[in-house]
Structures are given as structure tokens and as C-alpha cells.
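Chemist:
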Amino acid sequence: MASLIAGVLRERAPGERRVALIPESVTRLKSAGVDVVVEAGAGAAAWFTDADYTAAGAEVVGAEELFRRADVVLCVGPPEAEEAAPLREGQTLIGLLDPLQHPALVGELAGRGVTVVSLDLLPRTLSRAQSMDALTSQANVAGYKAVLLAADSYDRYFPMLTTAAGTSKPAALLVLGAGVAGLQAIATARRLGAIVSGYDVRPAAQGEIESLGARYLKMEGIGTAAGEGGYARQLTEDETQALLRALEDHIARSDVVITTARVPGRRPPLLVTAAALERMRPGSVVVDMAASELGGNVELSEPDKTTVLDNGVTLIGAANLPSVMATAASTAYARNISALLTHLLRDGQLHIDTDDEIQAGVVVAHGGSVVNPAVGGVK
Ligand code: NAD
677 MASLIAGVLR
687 ERAPGERRVA
697 LIPESVTRLK
707 SAGVDVVVEA
717 GAGAAAWFTD
727 ADYTAAGAEV
737 VGAEELFRRA
747 DVVLCVGPPE
757 AEEAAPLREG
767 QTLIGLLDPL
777 QHPALVGELA
787 GRGVTVVSLD
797 LLPRTLSRAQ
807 SMDALTSQAN
817 VAGYKAVLLA
827 ADSYDRYFPM
837 LTTAAGTSKP
847 AALLVLGAGV
857 AGLQAIATAR
867 RLGAIVSGYD
877 VRPAAQGEIE
887 SLGARYLKME
897 GIGTAAGEGG
907 YARQLTEDET
917 QALLRALEDH
927 IARSDVVITT
937 ARVPGRRPPL
947 LVTAAALERM
957 RPGSVVVDMA
967 ASELGGNVEL
977 SEPDKTTVLD
987 NGVTLIGAAN
997 LPSVMATAAS
1007 TAYARNISAL
1017 LTHLLRDGQL
1027 HIDTDDEIQA
1037 GVVVAHGGSV
1047 VNPAVGGVK
């Protein structure tokens, strides 16, 4: 039987530097019986050359040939409709496709008989799925990079530093939202010597924040808000207002604030108001990792835009930090997508079986229709 062919697309979204497979993963997939074709230039922005892919055993091809030959097309972010147009019945698209935000793309591909598999719907708490957890691997990169960006924009030291010229005070850094990215940000900021506090609405976060040596902010009179599957639930309007009031003093006292809060399927919760920003000292830095077209955790933040406010606070709308550290992010993502692809293989071919718990999560469309109830499909 002919080997399965996986095709690696060159990402076309503005500012996206990641690539779905790196040369090392090409070699691994080949030993699992998967041949790889890579679109020319796919890895260039993450510093993987076409020659690296060829040396690893892949074939470098143009986009047209890729779509013609690949059984499975691998990508990072969701392709535009035009880019996905050559996908045809029987082919499979795998990526971080954000299907809840892109129902039209999913519907269109499903209607054409394309199988759609999205890593963002992985059941992350299953231990056998952890090697495939791209949300976690990318959030780790983002949390780390957010701290470096903040440190770079902050015109003082993070650590307490004693020199002949005197002693500098350590930076007070606050992390709001302590999931994967937030905890990585806390750990990184601690390594740089900042005095770190953290807050999250999930009760489990307290122990995790404290285990990293940071202070957990107790919000008097604010309840916890654990939702399903380890995620937070959306706060009510009253809870939001109470939280915003409670956070304001803490924000005003901080030199650096990093926000990471998200609620699946909802717009990111507002945590830092314009009034809170106004109370911060000149030279302070705020990094909003939830900045998006839908709004972020910080009022006034805009995705991929850095603004110095009138009071001297630098506000960084950090929309796609994994892409900023494209080599590390692509390396981790390639391992995640290879692990998923290998999981889907049976006798050298893709075997879609939504009775498998992992596949029930990630398979969005198959056999001509949307099959994932989370995306509006009926299994
Ligand atoms: P996420 O990206 O969905 O959200 C980031 C954080 O924002 C979360 O911790 C969330 O609780 C918090 N948040 C939401 N609303 C908030 C608000 N109003 N105020 C403050 N914080 C708010 O989260 P994530 O990083 O994807 O992690 C989600 C959960 O999944 C966590 O419980 C994490 O431990 C868990 N997880 C488990 C595994 C595993 O079991 N292998 C792997 C990854 C993540």
C-alpha cells in the first residue's frame, strides 16, 4: 500500500511565522510510514530552510502540487477560504483551526467532504493526549515571551540589584489569569527577579501560583468561578464589576501587569479598565495576551499594537506571541501535530473513529458533515 502523504502548508496569515512540521519531525514521521511534502519556503520564517527539509527526507513542492498529492494537509492557524479552496473530498486538514470562531470555513470544508481536525478541541485532561496538546505548548511559549517583552519595555531592572551606584528596587509584577501561559509568565518573571503576584478565578490556581513562589491575591468578597473541563466560567455582570473594583488598587501598585485570561467560546473578560491604567505610574508596562479583534483583558488594548498612554504607561497588545518565538513554538507544535497524526494512523492510513475519546474531541468534520457537537454538529 502507498504511504500516507502529509503536506506542510506555508502559513499565509499576516505576521504568522510558525510552521506545522520541522525537519526533525519529518524524519520521525517517515519512520512511522508517513511521507512528507513541504511547500517551498514553509519553514523560512522560523529559520528552517527548504534544504533542511530535503535533508530530513521531505520533498519541497509548490502549493498546487502539495494540494494534489497530500492526503493530509498540516497547518498552524486556520487558512483563508481562498487558500483552502483546493482541498477536496477525502483529504484531511489538521491545524489549530479555532472552529468556534470559523464556522463558515468548517461548514464549507465539511460540505466538500474534507475531514477537518482541530487541535484546539483536544480533551486536554486525558493523560494520553498530553503529547498532542498544542494549546499548552503554544501558551508556554507565549507566557515566557510576554515577560521578555515586558522586561524589554520596562526602563528599570526586574531584580533587586545592588551595585556601587546604589540598590535598585525589584519590579512588582502582577499576572492576571494563571492557566498555562500565566503560570509560565509567573515562573519566568520570578527567574528574572521580579516580585510576582498572581490571580485567577479558578480556585485550583491559588496552590499553583504559590508553588511557583508568587503571592496569590485574595480578593475579599469575590467568589471563585470554575467552569467545565478545568476552564473558568464567564463571570456575571455583578461579579465582573466587583472584580474590576477589587483589582484596581493591585494594578495601580504594580510596575508590570501581564493578563492572560480567557473563557472558551467567549470574548476575553475585561480585567484592567482605563481607570485602572490611569492610576499606574509612568514607566509601567501592561501586556495584554488576550488582545484580539473582539477586545482583550485590557481596555484600550489593540492586537499587535504597542501604545504609550498619556500618563506614560506602555500598553502592549500581544495577539500572537508564539509566532514571535517561531522556532520554539514550531518545534513544540510539530511534536504535537506529529503525535496526533500518528494516533490517527492505522495500517499506514488515516483511520477516523469518533468513538475514540481523543478523536471525538478533535475531529470537527468527516464524511460530508460537521460531526463535533461542540461546533454545532451532530455525531
Ligand atoms: P485559558 O487560556 O482558557 O485561560 C487562561 C486563564 O484565565 C485560566 O486559568 C482561567 O481560569 C483564567 N480566567 C478566566 N477568566 C478569568 C477572570 N475573569 N479573572 C481571572 N482569570 C480568569 O486557560 P488554559 O491555560 O488553557 O488552562 C485552562 C485549564 O486547563 C487550567 O485549569 C489548566 O490547569 C488546565 N489544563 C490541564 C491540562 C492537563 O490536565 N494536562 C493541560 C492544560 C491545561
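Quick note on numbering: our numbering labels position 11 of the sequence shown as 687, and the sequence is numbered without any gaps. All residues carry an ideal CB built from backbone N, CA and C; glycine is no exception.
1. Can you tell me whether residue 1055 is buried or exposed? The criterion is at least 16 other CB atoms within 10 Å of its CB, across all chains shown.
2. Check residue 898 in the structure and name its three-state DSSP category.
3. In the structure shown, what three-state DSSP assignment does residue 875 receive?
4. Tell me whether the segment 855-862 and the segment 802-820 touch, counting them as touching only if at least three CB pairs, one residue from each stretch, are closer than 8 Å.
5. Below 8 Å on the Cβ atoms is my contact criterion, and I expect residue 867 with residue 888 to pass it. Report the Cβ-Cβ distance as a whole number of Å.
6. By how many angstroms is the C-alpha of residue 1010 removed from the C-alpha of residue 725?
7. How many whole angstroms separate the CB atoms of residue 688 and residue 721, which I take to be in contact at a CB cut-off of 8 Å?
8. Leaving out five residues on either side along the sequence, give the residues of the same chain with a beta carbon under 6 Å from the beta carbon of residue 728.
9. Given that a residue counts as buried once 16 or more other Cβ atoms are within 10 Å of its Cβ, and exposed if not, what is residue 836?
10. Which whole runs of the alpha helix (DSSP H) in the segment 678-740 are 4 residues long or more, in chain order?
11. Checking 7 Å against the spacing of the C-beta atoms, do residue 939 and residue 908 come in under that value?
12. Return helix, strand or coil for residue 761, following the three-state DSSP convention.
13. Below 8 Å, how does it come out for the segment 700-716 and the segment 728-742: are there three or more Cβ pairs, yes or no?
14. For the beta strand (DSSP E) containing residue 1042, list its first residue and its last residue.
15. Measure the alpha-carbon distance for residue 790 versus residue 833 and round it to whole angstroms.
16. Beta carbon of residue 873, beta carbon of residue 893: below 7 Å?
17. Should residue 810 be labelled buried (16 or more other beta-carbon atoms within 10 Å of its own) or exposed?
18. Between which two residues does the beta strand (DSSP E) containing residue 962 stretch?
19. Tell me which same chain residues have a C-beta within less than 6 Å of the C-beta of residue 910, skipping the five on either side of it?
20. Quick one: what's residue 1025 bridged to in DSSP?
21. Distance, Cα to Cα, residue 748 vs residue 1001?
22. Quick check on residue 842: buried or exposed, where buried means 16 or more other Cβ atoms within 10 Å of its Cβ?
23. Looking only at DSSP bridge pairs, what is residue 830 linked to?
24. Assign residue 966 to one of two classes, buried (16 or more other C-beta atoms within 10 Å of its C-beta) or exposed (fewer than that).
25. If I'm right that residue 961 touches residue 830 with Cβ under 8 Å, what's the distance once you round it to whole angstroms?
26. Mind checking whether the beta-carbon of residue 900 lies closer than 6 Å to any heavy atom of the ligand NAD?
Modeler: Answer, in terms of the structure:
1. Here residue 1055 corresponds to residue number 379 of the sequence shown, with the count starting at 1. Its pLDDT being 49, under 50, residue 1055 is placed unreliably by the model, and nothing is read from it.
2. Translated into the one-based positions of the sequence shown, residue 898 becomes position 222. Three-state DSSP puts residue 898 in coil, outside helix and strand.
3. Indexing the sequence shown from 1 puts residue 875 at position 199. Strand.
4. Taking a contact to require three or more Cβ pairs closer than 8 Å, the segment 855-862 and the segment 802-820 qualify as touching.
5. Counting from 1 along the sequence shown, the entry for residue 867 is found at position 191. Counting from 1 along the sequence shown, the entry for residue 888 is found at position 212. Rounded, the Cβ-Cβ distance is 10 Å, inconsistent with contact.
6. Residue mapping note: residue 725 aligns to position 49 of the sequence shown, counting from 1. Residue mapping note: residue 1010 aligns to position 334 of the sequence shown, counting from 1. One C-alpha to the other measures close to 15 Å.
7. One-based indexing of the sequence shown puts residue 688 at position 12. One-based indexing of the sequence shown puts residue 721 at position 45. For residue 688 against residue 721, the beta-carbon gap comes to about 11 Å, at or over 8 Å, which does not count as contact.
8. Along the sequence shown, one-based indexing puts residue 728 at 52. Non-local beta-carbon contacts of residue 728 in its own chain, meaning distances under 6 Å to residues more than five positions away in sequence, involve 699 in chain order.
9. As a first step, residue 836 is located in the sequence shown; it is residue number 160 there, counting from the start. Classified as exposed, residue 836 has fewer than 16 neighbouring CB atoms from the shown chains inside 10 Å of its CB.
10. Counting only runs of 4 or more, we get 699-707, 726-731.
11. In the sequence shown, counting from the first residue as 1, residue 939 sits at position 263. In the sequence shown, counting from the first residue as 1, residue 908 sits at position 232. Remark: C-beta atoms of residue 939 and residue 908 approach each other more closely than 7 Å.
12. As a working note, residue 761 is residue 85 in the sequence shown. Residue 761: coil per DSSP, three-state reduction.
13. Contact holds: three or more Cβ-Cβ distances are below 8 Å.
14. In the sequence shown, counting from the first residue as 1, residue 1042 sits at position 366. Here the beta strand (DSSP E) through residue 1042 covers 1039-1042.
15. Start at 1 with the first residue of the sequence shown, and residue 790 comes out as number 114. Start at 1 with the first residue of the sequence shown, and residue 833 comes out as number 157. If you take the alpha carbons of residue 790 and residue 833, they lie about 52 Å apart.
16. Along the sequence shown, read from residue 1 onward, the residue named residue 873 stands at position 197. Along the sequence shown, read from residue 1 onward, the residue named residue 893 stands at position 217. Pairing residue 873 with residue 893 gives a Cβ-Cβ distance under 7 Å.
17. Residue mapping note: residue 810 aligns to position 134 of the sequence shown, counting from 1. For residue 810, the number of other beta carbons within 10 angstroms of its own is at least 16, and it is reported as buried.
18. Mapped onto the sequence shown, residue 962 falls at position 286. First-last of the beta strand (DSSP E) with residue 962: 961-964.
19. Against the sequence shown, residue 910 aligns to sequence position 234. A distance below 6 Å between beta-carbons, with the five flanking residues on each side excluded, links residue 910 to the following residues of its chain, in chain order: 939, 942.
20. For the purposes of this step, residue 1025 is taken as the residue at position 349 of the sequence shown. Looking at the DSSP assignment, residue 1025 forms a beta bridge with 1022.
21. On the sequence shown, position 72 is the one that residue 748 refers to. On the sequence shown, position 325 is the one that residue 1001 refers to. Approximately 26 Å between the Cα atoms of the pair.
22. Mapped onto the sequence shown, residue 842 falls at position 166. A residue is called buried when at least 16 other Cβ atoms come within 10 angstroms of its Cβ; residue 842 does not meet this threshold and is exposed.
23. Counting from 1 along the sequence shown, the entry for residue 830 is found at position 154. In the DSSP output, where bridge partners are listed per residue, residue 830 has none listed.
24. Translated into the one-based positions of the sequence shown, residue 966 becomes position 290. When all chains shown are included, residue 966 counts as buried.
25. Start at 1 with the first residue of the sequence shown, and residue 961 comes out as number 285. Start at 1 with the first residue of the sequence shown, and residue 830 comes out as number 154. A Cβ-Cβ distance of about 5 Å is found for the pair residue 961 and residue 830, placing them in contact under the 8 Å criterion.
26. Taking the sequence shown and counting its residues from 1, the one referred to as residue 900 is at position 224. No - the ligand NAD has no heavy atom lying nearer than 6 Å to the Cβ of residue 900.
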